[in-house]
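Here the protein sequences line up with chains A and B, keeping their order. If you're matching positions, the first sequence starts at 1 in the UniProt record's numbering and goes up one per residue. If you're matching positions, the second sequence starts at 1 in the UniProt record's numbering and goes up one per residue.
Protein chains: 2
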Amino acid sequence: MSLDEGIIADIRQFNRFYTNILGVLNKHVLDTGYTLTEARVVLEIGFMEPCIANQLVEKLDMDRSYMSRIISKLQKDGLLEKESSPLDNRTSLIRLTPKGAELFQQLNERSDEQIERLLDGLSPTEITEVRSSMLFIQSKMNRLERAQNDSI
Amino acid sequence: MSLDEGIIADIRQFNRFYTNILGVLNKHVLDTGYTLTEARVVLEIGFMEPCIANQLVEKLDMDRSYMSRIISKLQKDGLLEKESSPLDNRTSLIRLTPKGAELFQQLNERSDEQIERLLDGLSPTEITEVRSSMLFIQSKMNRLERAQNDSI
DNA sequence: CTCCTTTAGTGGACATAGTCAACAATTAAT
DNA sequence: ATTAATTGTTGACTATGTCCACTAAAGGAG
Chain A
1 MSLDEGIIAD IRQFNRFYTN ILGVLNKHVL DTGYTLTEAR VVLEIGFMEP CIANQLVEKL
61 DMDRSYMSRI ISKLQKDGLL EKESSPLDNR TSLIRLTPKG AELFQQLNER SDEQIERLLD
121 GLSPTEITEV RSSMLFIQSK MNRLERAQND SI
Chain B
1 MSLDEGIIAD IRQFNRFYTN ILGVLNKHVL DTGYTLTEAR VVLEIGFMEP CIANQLVEKL
61 DMDRSYMSRI ISKLQKDGLL EKESSPLDNR TSLIRLTPKG AELFQQLNER SDEQIERLLD
121 GLSPTEITEV RSSMLFIQSK MNRLERAQND SI
């Protein structure tokens, strides 16, 4: 045991706490007719387009086959289109259609509103401090995330 | 739009980031023969015992029926025992058996090790600062979590 | 080039996780 | 006393995720 017990307990407490926060947020991105996972895929395509399925798989840490099925569904629904890549004939370049972009925008707006509601009641100073704390945590842990993924 | 766009974007970015962190951690609590959800239930019983099913449902934000099935399984496996409550005949007081307490301890140790690994490479000062940032975020968002749950 | 290995995507079959509606028993409220 | 709300259970279902086998194309190594 190299670390103070209290620190670990506090961090585990924070993880439980933040699990709940994320749970509340995720639960209410819905109501678009798409599931949470589908919505996450649409959002990620919106951020990365054009992209290939495998990039989405890695980014969202999902199973290939699962992603394949979701992409099929979204394509059938007219939210995205695939263009076979000139560089690698195994892959397709994926882009949102106008209809997909519309959903993307809707999801973004809802997410933004959720964050605003989450911060409602805090002063501008407090909000700035929360943001700084998040950026700080991220800066300290983000190389570690990679390292841990690699080691597994 | 009352808030600076950048702040919301940063917070959403942090949420995506921390979703991944929690995903990595959760993926490897396993290997005890129990699923993540079952493990969470065992942990929560360990923290709260004696408790009733409904408290676990609220704490872990799970469906009643799902919890009922998990509790049945854990009981069948000899990890917990139910004593019918003298105060309310609808409910049972739930406690870990010695075997359940053993798993509880194992889960706790693993979780602690994971956090240590997550912090590995940071200086004591950095670790302290990360902890402070987490406590700060929690203190600011704490009451809000409740308020949001209620309003929904 | 040819042979071998790796990578990207797909589909079938399955396993796990979570949800919904109906119900019985009990307790709380009016 | 009657009605309403709570607790837990079960069946049926949907959503989510995993595993395996397979095809097709790239990327080497010789």
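Glycine included, C-beta positions come from ideal geometry on N, C-alpha and C.
Cβ-Cβ distance between residue 74 of chain B and residue 102 of chain B below 8 Å | no
| So which residues on chain A does residue 130 of chain B lean against when the C-beta distance must stay under 8 Å? | 11, 136, 137, 140, 141
List, in order along the chain, the chain A residues whose C-beta lies closer than 9 Å to that of residue 156 of chain B? As displayed, chain B neither begins before 1 nor continues past 152, which places residue 156 of chain B out of reach and without an answer.
Checklist entry - So is residue 114 of chain B buried or exposed if we call it buried at 16+ other beta carbons inside 10 Å? => result buried
Practice item. Compute the beta-carbon to beta-carbon distance between residue 132 of chain A and residue 137 of chain B, rounded to the nearest angstrom, for a pair I have assumed lies under 8 Å. Key: By a beta-carbon distance limit of 8 Å, residue 132 of chain A does not contact residue 137 of chain B. Their separation comes to about 10 Å.
Problem set entry | Spatial neighbours of residue 118 of chain A in its chain, beta-carbon cut-off 7 Å, leaving aside the 5 residues before and after | none
Exercise. Using a Cβ-Cβ cut-off of 8 Å, state whether residue 21 of chain B counts as contacting chain A.
Key: yes
Cross-strand partners of residue 94 of chain A (DSSP beta bridge):
A/51, A/82.
**Study point:** Beta-carbon gap between residue 79 of chain A and residue 100 of chain A smaller than 8 Å
**Key:** yes
inquiry  = Suppose the cutoff is 7 Å on Cβ atoms and the five residues either side in sequence are ignored; what does the same chain contact list for residue 44 of chain A look like?
reply    = The residues are 56, 59, 60.
- Item | Spatial neighbours of residue 50 of chain A in its chain, beta-carbon cut-off 6 Å, leaving aside the 5 residues before and after | 93, 95
**Message:** Which residue wins for smallest C-alpha separation from residue 85 of chain B, given the options B/53, B/27, B/11?
**Reply:** B/53
**CB-CB length for residue 112 of chain A against residue 8 of chain B, believed under 8 Å** = 5 Å
ask   = Can you name, in chain order, every residue of its own chain whose Cβ lies under 8 Å from the Cβ of residue 64 of chain B, other than the five neighbours on each side?
value = 53, 54, 57
Quiz prompt | Burial state of residue 66 of chain A (16 or more Cβ within 10 Å) | solution = Residue burial is scored here from C-beta neighbours: residue 66 of chain A has fewer than 16 other C-beta atoms within 10 angstroms and is therefore classed as exposed.
| Is any beta-carbon of chain A found at less than 8 Å from that of residue 104 of chain B? | no
Margin query: Would residue 15 of chain A and residue 135 of chain B be called neighbours here (beta carbons separated by less than 8 Å)?
Written below: no
**Study point:** Test: residue 45 of chain B CB closer than 8 Å to a CB of chain A
**Key:** no
ask   = Got a sec: is the Cβ-Cβ distance from residue 127 of chain A to anything in chain B below 8 Å?
value = yes
**OP:** Take residue 41 of chain A as the anchor and find which of A/139, A/23, A/72, A/18 has the nearest alpha-carbon.
**Re:** A/72
> Who are the neighbours of residue 111 of chain B on chain A, taking C-beta pairs under 7 Å?
Replying inline: 12
Measure the Cβ-Cβ separation of residue 141 of chain A and residue 11 of chain B and say whether it is below 8 Å.
no
For residue 18 of chain A, which three-state DSSP category applies? helix
Run through chain A and tell me which residues come within less than 8 Å of residue 88 of chain B, C-beta to C-beta.
Simply none; closest approach about 26 Å.
Report task. Identify whether residue 89 of chain B lies in helix, strand or coil by the three-state DSSP scheme. Result -> coil
(message) Can you look up residue 123 of chain B in the DSSP assignment and give me helix, strand or coil?
(response) coil
task = Note the first and the last residue of the continuous alpha helix (DSSP H) segment covering residue 66 of chain B.
result = 64-76
| In whole angstroms, what separates the C-alpha of residue 127 of chain B from that of residue 108 of chain A? | 33 Å
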